[in-house]
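A.B. asks:
Rendered as structure tokens:
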């Protein structure tokens, strides 16, 4: 992030348990980074958001994307 000036990063995990572990360990990792390589510590406080697939709205509640085919009317 420091090398490229990134302010936001999206991290994806296949397993929910891995995502929870990452979110829990991130503050510790940043503390370790500050002690060992302070020049790599982000200048902004990271915000960790956790989204699980079960929290995704049902497909009927989602708006179709512009690339989605339009439903064909039934007669």
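Residue numbers (this note's numbering): 21 to 95. Glycine is no exception: its CB is placed at the ideal position from the N, C-alpha and C atoms.
1. Counting along the chain, where does the alpha helix (DSSP H) carrying residue 42 start and finish?
2. Could you compute how far the alpha carbon of residue 34 sits from the alpha carbon of residue 47?
3. Cα separation between residue 66 and residue 54?
4. Quick one, are the C-beta atoms of residue 42 and residue 31 less than 8 Å apart?
5. By how many angstroms is the C-alpha of residue 27 removed from the C-alpha of residue 64?
C.D. replies: Looking at the coordinates:
1. 36 to 56
2. 21 Å
3. 14 Å
4. yes
5. 8 Å
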